[in-house]
Amino acid sequence: MPPACKPCLWIFTICLYASCHVRSGEAQNPKEVILLDSKAQQTELEWISYPPNGWEEISGLDENYTPIRTYQVCQVMEPNQNNWLRTNWIEKGDAQRIFIELKFTLRDCNSLPGVVGSCKETFNLYYQETDSEVGRSLRETQYVKIDTIAADESFTQGDLGERKMKLNTELRIIGPLSRRGFYLAFQDVGACIALVSVKVYYKKCWSIIENLATFPDTVTGSEFSSLVEVEGICVNDAEEETDNSPKMHCSAEGEWLVPIGKCICKAGFHQKGDACEPCGRGFYKSSSQDLQCSRCPAHSFTDREGSWRCDCEDGYYRALSDPPSVACTRPPSAPQNLVYNINQTTVSLEWNPPADTGGRNDVTYRVICRRCSWEPEECVPCGPNVGYSPAQSGLVDTYVGITDLLAHANYTLEVEAVNGVSDLSRTQRLFAAVSIATGQAAPSQVSDVIKEKIQQRSVQLSWQEPHHPNGVIKEYEIKYYEKDKVSTVRSRSTTATVNNLKPSTSYVFQIRAFTDAGFGTYGPRVEITTKEENAATVVSSEQNPVIIIAVVAVAGTIILVFMVRKRCLVYTCFLCLFFTVKFPGTKTYIDPETYEDPNRAIHQFAKELDASCIKIERVIGAGEFGEVCSGRLKLPGKRDVAVAIKTLKVGYTEKQRRDFLCEASIMGQFDHPNVVHLEGVVTRGKPVMIVIEYMENGSLDAFLRKHDGQFTVIQLVGMLRGIAAGMRYLSEMGYVHRDLAARNILVNSNLVCKVSDFGLSRVMDDDPEAVYTTTGGKIPVRWTAPEAIQYRKFTSASDVWSYGIVMWEVMSYGERPYWDMSNQDVIKAIEEGYRLPAPWTAPWPAPAHVGLLAEGPGERPKFEQIVGVLDKMIRNPNTLKTPVGTCTRPISPLLDQNAPDFTAFRTVGEWLEAIKMERYRDNFTAAGYSSLESVARMSIDDIMRLGITLVGHQKKIMSSIQTTRAQMLHLHGTGVQV
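Every number in the numbering used here is 7 more than the matching position in the sequence shown, counting from 1.
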């Protein structure tokens with residue numbers, strides 16, 4: 008170093024060692040993993056310096072008298088400095104994104120006497136990726152520059168006198184890195200600088216337990232906005248909640264975000280802190296869905312830990328349908344006070360409930376009937392001919408009727424009380440019993456009724472004697488009824504005539520027999536309708552049109568006179584009612600910004616949802632206000648549906664909350680199959696959420712680019728028809744969208760397109776010519792009408808212009824409108840009269856498309872007309888055939904910035920790659936097309952012979968061939984035959 012520079016460097020060093028304001032003992036960020044910290048190293052760093060007299064390693068003490076190692080350089084007196092300093096090799100581990108924190112001091116060049124223009128106040132930072140150490144050689148060309156580092160503050164000679172040091176701290180980020188490690192290098196080009204510390208680190212999310220799931224250490228992603236999704240592993244004795252596996256997302260700052268799903272303790276275990284512990288003796292947990300262990304219910308026990316149910320005590324049981332939370336029970340005792348009443352061969356039994364129900368409330372009763380001989384203990388079951396009313400078993404009431412017993416026979420009747428555990432009991436059955444003897448039986452039912460003769464006012468019937476008369480039948484009773492009116496007649500024979508009936512009337516007949524033992528039961532119901540009376544005899548007013556006309560005329564006259572006398576008051580009200588029903592008013596959109604209290608608007612137009620009904624499943628994107636997730640919505644009494652969920656990030660301001668919910672206040676007013684449906688909002692909990700229907704295929708522009716050429720023209724027109732129908736609905740509500748573009752159209756799994764994104768939308772006044780004027784802000788130039796660009800005035804007609812651009816996007820499979828032209832070029836081209844040409848796949852002539860992009864708003868069609876035209880196209884598919892051979896792009900470079908110069912390509916492969924059709928390279932090569940001249944002569948038939956079957960791809964290639972021909976003709980005159 009020249010002697011003239013020695014004082015500068017000495018003063019600089021004294022300052023460094025003195026009271027530099029460097030805070031030692033700073034708390035280490037727990038999210039950082041340190042790879043290099045020069046300040047923490049006590050021994051020499053031994054970094055490589057080139058040339059040797061450049062950077063110099065020195066030792067010193069910080070303000071806490073802790074030894075530190077620093078590097079400094081101060082060759083300001085010599086021009087053309089190029090001093091390099093390289094660190095040792097740094098192994099990066101799993102990191103992809105590296106943070107570099109530099110702390111340094113720098114001398115103000117103006118404070119150095121005698122310094123010419125060679126003094127600098129910056130230095131350069133570089134890095135080199137390697138898989139291993141490369142030795143001590145230093146080659147500048149192998150390094151990648153990170154940044155030029157400048158000091159925010161520099162010190163002067165006066166600062167040295169006051170013993171103050173101005174320390175600069177700079178942070179830089181590199182990544183993603185792909186090799187095992189890297190070097191850092193510092194280049195000085197003539198500054199007086201001291202490198203106080205170099206800290207290299209990366210960030211990670213440290214292992215945590217959340218919702219009973221363990222999430223391991225996770226290195227952050229390579230991008231600033233990336234979220235790394237991590238699957239959690241349930242802790243011991245826990246399991247994943249059904250269809251809700253635990254996940255979290257590691258942010259770029261090393262923070263865990265967006266927990267989804269959880270683990271729950273298994274049956275027999277309960278949560279304590281971040282672990283699952285077994286239930287103690289005498290406690291159980293039957294399901295993982297239960298939160299805590301419960302004490303064993305009555306008459307049950309468990310003498311082990313971790314039980315999912317308790318065992319029953321001796322003599323007690325639990326039915327198969329009983330949950331483990333139900334107490335163990337036992338069979339009931341016998342019914343009490345059994346009494347009976349005999350009527351010939353019919354017995355009625357009554358009893359009282361048992362004294363002990365066994366601890367259950369499902370007690371029912373069953374009856375066992377046995378017919379016995381005169382000898383004791385010789386009984387047999389009664390058999391299927393005996394009837395029980397209401398039933399033989401499963402009786403809820405304490406009575407039963409037993410019919411059709413044999414006459415003059417002995418019976419034993421038992422009544423047993425049973426409950427849900429009676430069949431499990433091994434103890435002796437308990438029942439009440441009676442022994443009876445029947446008398447003479449009543450006759451059995453009369454069946455086989457025959458309709459002998461049916462008249463207008465009478466019916467003649469006949470029937471057979473009962474199969475079991477059980478004595479001499481003295482007479483028969485015939486019961487008949489019309490609606491609720493019941494009548495009877497009697498007959499001593501098996502025939503009877505019922506008179507005094509009504510013509511054309513339906514009657515129900517039933518017959519029973521009578522003996523000394525009493526009446527039998529009625530036989531089956533027989534329905535008979537009497538004949539109609541002669542039409543000439545009686546004419547009802549209901550069937551006579553003359554009477555109807557007369558009645559109506561008289562009534563009309565009376566009403567008219569009454570209305571005249573009341574000075575048409577009634578008539579006027581009638582007209583009001585008629586026109587109200589006939590011509591309902593159109594629903595009108597209300598701007599939420601007109602509300603003094605925005606919360607009132609959101610609660611008026613959007614349904615408040617319970618956060619417990621919403622299940623977040625995964626993150627699908629990041630919005631302006633927070634994450635966008637997909638999930639399920641399960642409302643009470645309804646099946647769950649897939650939804651998209653917009654969340655408001657933590658730490659929001661009140662204005663951000665209002666802006667976030669404003670879109671929901673707008674969406675909540677719409678109800679149309681082609682407008683995205685709002686399910687509701689969550690405003691009374693955290694996070695604040697907007698829940699809308701889930702559109703599986705995402706935005707229309709990205710969906711079309713992903714499926715380039717894979718749809719028929721009629722499918723594309725169907726998409727456009729859906730968008731137009733949604734816009735027709737919005738315009739009829741007096742609503743202007745202002746940002747209609749394919750990116751703001753969502754597509755569901757059935758290819759239904761729905762208008763969305765109402766962030767720029769505004770209301771129109773009642774005046775159809777009224778517009779909304781913005782007060783500034785960005786507008787989407789490529790989709791915006793000329794009058795909206797120039798005057799910032801938006802109407803439904805400006806939305807029609809935007810729809811014309813959307814139509815172009817759809818038919819070109821998501822191509823960028825105006826290609827690569829700048830916004831200023833687009834505005835200039837539109838002012839000069841240029842319009843986007845109809846795409847190659849468009850099923851309409853160019854003038855029809857340009858009509859949507861007419862200069863004057865009044866010259867454009869209405870959305871109602873657009874829907875009508877598209878409906879006609881869909882109903883008549885022959886109109887959707889596209890003529891081949893029309894060049895769809897202008898040759899002017901100003902008007903078609905996207906059209907590449909095909910004459911500059913040397914091979915067919917390069918040309919195919921430029922139009923993104925490189926997948927067909929082998930098809931062209933195999934067919935012998937080796938030059939662009941041969942390609943320019945191809946027809947649509949030639950393309951089809953190459954095996955290219957997708958219609959969209961055929962038309963795209965043919966369109967490019969047309970452009971190639973035009974460019975060749977323009978360049979070479981007649982050099983190519985077209």
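By construction, the Cβ of each residue, glycine as well, lies at the ideal position given by its N, Cα and C atoms.
Could you compute how far the alpha carbon of residue i sits from the alpha carbon of residue j?
i       : j      : result
Cys636  : Pro694 : 12 Å
Asn751  : Glu98  : 46 Å
Leu43   : Val207 : 5 Å
Cys257  : Ile107 : 21 Å
Ile834  : Asp806 : 17 Å
Ser332  : Ser293 : 8 Å
Glu534  : Gly525 : 26 Å
Ala748  : Tyr820 : 13 Å
Leu953  : Tyr596 : 55 Å
Thr137  : Tyr701 : 46 Å
Ser672  : Val762 : 16 Å
Lys486  : Val422 : 36 Å
Glu917  : Ser937 : 11 Å
Arg639  : Gly628 : 17 Å
Glu459  : Val505 : 12 Å
Gln611  : His744 : 21 Å
Pro1012 : Thr225 : Nothing about residue 1012 can be read from this structure; the chain reaches only from 8 to 985.
Cys583  : Tyr736 : Any reading at Cys583 must be qualified, since the residue scores a pLDDT of 30, below 50, and its modelled position is unreliable; no value is offered.
Cys116  : Glu670 : 56 Å
Lys269  : Asn95  : 45 Å
Asn2    : Gln194 : This structure cannot speak to residue 2, because the chain is shown only from 8 to 985.
Ile964  : Met924 : 8 Å
Trp54   : Ile41  : 18 Å
So residue i packs on residue j, CB below 8 Å; how close in whole Å?
i      : j      : result
Ile480 : Pro450 : 6 Å
Ile153 : Leu178 : Contact flag wrong, Cβ pair sits at about 11 Å.
Ile105 : Leu184 : 6 Å
Ala201 : Glu128 : Incorrect: roughly 13 Å between the Cβ atoms, too far for contact.
Pro397 : Gln463 : At roughly 41 Å, the Cβ-Cβ gap does not stay under 8 Å, so Pro397 and Gln463 are not in contact.
Trp315 : Tyr347 : Not confirmed; about 49 Å, so no contact.
Lys110 : Ser214 : Contact flag wrong, Cβ pair sits at about 31 Å.
Ala334 : Pro361 : 18 Å between Cβ atoms; not a contact.
Ile267 : Ile623 : 5 Å
Thr112 : Leu191 : That pair is no contact at about 19 Å.
Glu64  : Glu51  : 6 Å
Val387 : Asn426 : About 28 Å; that fails the 8 Å criterion.
Arg681 : Ile730 : The residue asked about is misnamed: residue 681 is Asn in this sequence, not Arg. With a Cβ gap of about 7 Å, Asn681 and Ile730 count as contacting.
Lys273 : Asp318 : The pair is not a contact, with the Cβ atoms about 19 Å apart (cut-off 8 Å).
Could you spell out where the beta strand (DSSP E) holding residue i opens and where it closes?
i      : result
Tyr372 : 371-379
Lys460 : 457-461
Asp617 : No beta strand (DSSP E) holds Asp617; DSSP gives it neither H nor E.
Arg76  : 74-81
Pro277 : Checking the sequence, you will find His at residue 277 rather than Pro. Taken as a continuous stretch (DSSP letters only), the beta strand (DSSP E) holding His277 covers 276-279.
Met696 : 696-700
Pro285 : 282-285
Arg665 : From DSSP, Arg665 is part of no beta strand (DSSP E) but of the alpha helix (DSSP H) over 661-674.
Gln467 : 466-469
Glu357 : 353-359
Thr504 : 502-505
Thr495 : 492-498
Report the residue from the options whose alpha carbon sits nearest the alpha carbon of residue i.
i      : options                        : result
Gly633 : Ile697, Ala649, His679         : Ile697
Asn606 : Thr719, Arg691, Leu655, Arg639 : Arg691
Cys286 : Leu68, Leu264, Arg311          : Arg311
Asp297 : Glu246, Phe130, Asp363, Thr176 : Glu246
What are the boundary residues of the alpha helix (DSSP H) that includes residue i?
i      : result
Leu918 : According to the sequence shown, residue 918 is Trp rather than Leu. 915-921 is the span of the alpha helix (DSSP H), which, as asked, contains Trp918.
Thr221 : No alpha helix (DSSP H) holds Thr221; the beta strand (DSSP E) holding it covers 220-222.
| task | Pick out the complete alpha helix (DSSP H) segments inside the region 811-878, 4 residues or longer, and give them in chain order. | result | 830-838, 853-859
| field | Complete runs of the beta strand (DSSP E) confined to the region 177-211 [at least 3 residues] | value | 188-195
| said: Please give the ranges of any alpha helix (DSSP H) in the region 714-749, keeping only runs that are unbroken, at least 4 residues long and fully inside the region. | reply: 720-739
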